[in-house]
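Q: Here's a structure for you.
What follows is the structure in structure tokens.
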């Protein structure tokens with residue numbers, strides 16, 4: 093709430109007649125406090141400070157919002173309203189004479205004026221003219237802070253967008269530089285750290301030796317920074333898990349993927365499917381099998397996981413002396429499950445051929461869950 097300062101008009105005191113010496117004259121300050129809700133405000137502290145000669149007085153508003161303090165030496169005073177230990181309104185140079193000086197504090201009106209200024213984006217000319225020096229100072233300070241924030245956000249967005257553009261162009265070093273610049277502007281933006289880590293992961297692929305390792309360590313640290321800022325992001329855990337797994341830290345990667353799966357159960361199968369793909373690409377077939385099995389267990393209706401599981405298992409098939417192929421347990425069943433879930437999928441024909449090659453036959457029908465009807469496939473001879 094902006095501190096409101098105003099100059100009180102002295103109430104008409106009438107004509108005073110003096111005859112010779114007169115006793116010290118006193119006056120009073122009285123008024124009413126209206127709260128932000130428009131109702132009388134009880135318990136507000138009114139501070140009354142004499143200006144010419146040192147003197148401090150105080151009084152609280154009653155249940156009707158009213159206050160009164162008499163016996164004040166005549167003179168000029170600063171009268172302030174304090175709520176919860178904070179000065180929220182001040183009247184400068186209030187003149188106290190023999191007649192009571194009335195000063196009301198209306199927080200509801202102040203709140204409405206501030207609301208109007210915020211809606212308008214700032215005070216209009218009339219409102220500026222109504223501001224006292226103290227209120228104008230507060231407004232100028234607020235405006236300067238606002239401008240500073242806008243300037244900061246402009247620089248942040250420029251650096252972030254430059255990083256995204258460079259990353260799309262596969263200029264990963266420039267992307268890393270731009271995201272680092274954005275992080276220096278505002279270190280509390282999780283998206284900045286996550287994009288920086290992604291760019292560093294790609295940049296590391298172009299390096300070797302100690303330099304590659306240094307960039308990877310930075311990549312892992314920045315993913316963790318993004319997670320620190322947004323611990324509920326399954327995507328950040330997934331990306332960190334894949335980055336770790338790609339670089340030989342399988343157990344650590346699996347832990348992060350487990351976290352991603354727990355945070356986003358609907359996508360859990362995909363997270364372990366991704367891990368399996370990483371294992372396949374790095375030649376870790378048995379680890380790939382474990383990841384694809386996990387994907388099917390977590391998300392039993394995720395067809396691609398069954399196909400990839402089956403193809404990974406094919407690599408472990410044995411050739412018998414008679415020339416027949418002996419598939420590892422679960423291989424054929426995985427191909428069949430894929431066909432059951434996605435009979436017209438992109439890998440349906442390949443699955444049929446693999447089943448025929450491994451068993452000498454193909455199942456004749458599979459249910460298409462998307463169409464709610466059975467699809468017949470012509471039986472092929474062995």
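Residue numbers (our numbering): 93 to 474.
Glycine residues also receive a C-beta, built at the ideal position from the N, C-alpha and C atoms.
Being a predicted model, the structure only gives us computed values, none of them experimental.
Measure the CB-CB distance between residue 172 and residue 143 and report whether it falls below 8 angstroms.
A: No.
Q: For a quick check, are the C-beta atoms of residue 291 and residue 259 less than 8 angstroms apart?
A: The answer is yes: Cβ separation under 8 angstroms.
Q: Check the DSSP bridge columns for residue 344 and list the partner residues they point to.
A: Paired residue(s): none; residue 344 is not in a bridge.
Q: Identify the continuous alpha helix (DSSP H) that holds residue 425 and give its terminal residues.
A: Run containing residue 425: 423-433, per the alpha helix (DSSP H) assignment.
Q: In the DSSP assignment, find the alpha helix (DSSP H) that holds residue 302 and state where it starts and stops.
A: From DSSP, the alpha helix (DSSP H) with residue 302 extends over 301-321.
Q: Exposed or buried, what is residue 445 when buried is set at 16 or more other beta-carbons lying within 10 Å of its beta-carbon?
A: Classification for residue 445: exposed.
Q: Since residue 383 and residue 358 should fall inside the 8 angstroms C-beta cutoff, what is the C-beta to C-beta distance between them, to a whole number of angstroms?
A: With 8 angstroms as the limit, residue 383 and residue 358 do not qualify as a contact, their Cβ atoms being about 18 angstroms apart.
Q: Distance, Cα to Cα, residue 160 vs residue 184?
A: Each residue's alpha carbon lies about 18 angstroms from the other.
Q: What would DSSP say about residue 132, mapped onto helix, strand or coil?
A: In this structure, residue 132 counts as strand in the three-state DSSP scheme.
Q: Could you tell me if the beta carbon of residue 131 falls within a distance shorter than 7 angstroms of some heavy atom in the ligand FMN?
A: No copy of the ligand FMN appears in this structure; indeed no ligand is present at all.
Q: Would you kindly work out how many angstroms separate the C-alpha atoms of residue 329 and residue 451, rounded to a whole number?
A: Distance between the alpha carbons of residue 329 and residue 451 is about 41 angstroms.
Q: Determine the closest residue to residue 284 out of 408, 324 and 273, with distance taken between C-alpha atoms.
A: Comparing Cα-Cα distances from residue 284 to each of 408, 324 and 273, the minimum goes to 273.
Q: Buried or exposed, going by whether 16 or more other CB atoms sit within 10 Å of the CB of residue 43?
A: Nothing about residue 43 can be read from this structure; the chain reaches only from 93 to 474.
Q: Pick helix, strand or coil for residue 386, following the three-state DSSP scheme.
A: Of the three classes helix, strand and coil, the one that applies to residue 386 here is helix, per DSSP.
Q: Here's the rule I'm using: 16 or more other beta-carbon atoms within 10 Å means buried, otherwise exposed. How should residue 50 be labelled?
A: For the chain, the structure presents residues 93 to 474; residue 50 sits outside this window and is missing.
Q: Using alpha carbons as the reference points, say which of 334, 248 and 246 lies closest to residue 289.
A: Nearest of 334, 248 and 246 to residue 289, Cα basis: 334.
Q: Go through its chain and collect everything with a Cβ distance to residue 114's Cβ below 8 angstroms, but skip five positions before and after it.
A: A caution first: residue 114 carries a pLDDT of 44, below 50, which makes its placement in the model too unreliable to give a value.
Q: Going along the chain, which residues of its own chain have a beta-carbon closer than 6 angstroms to the beta-carbon of residue 127, five neighbours each way excluded?
A: If we look at residue 127 and ignore the five residues flanking it on each side, its Cβ neighbours are 133 and 199.
Q: Taking the alpha carbon of residue 162 as the point to measure from, which residue in 146, 401 and 119 has its own alpha carbon closest?
A: Checked all of 146, 401 and 119; the closest Cα to residue 162 is 119.
Q: If you follow the beta strand (DSSP E) that residue 120 is part of, which residue opens it and which one closes it?
A: Note, residue 120: beta strand (DSSP E), 118-126.
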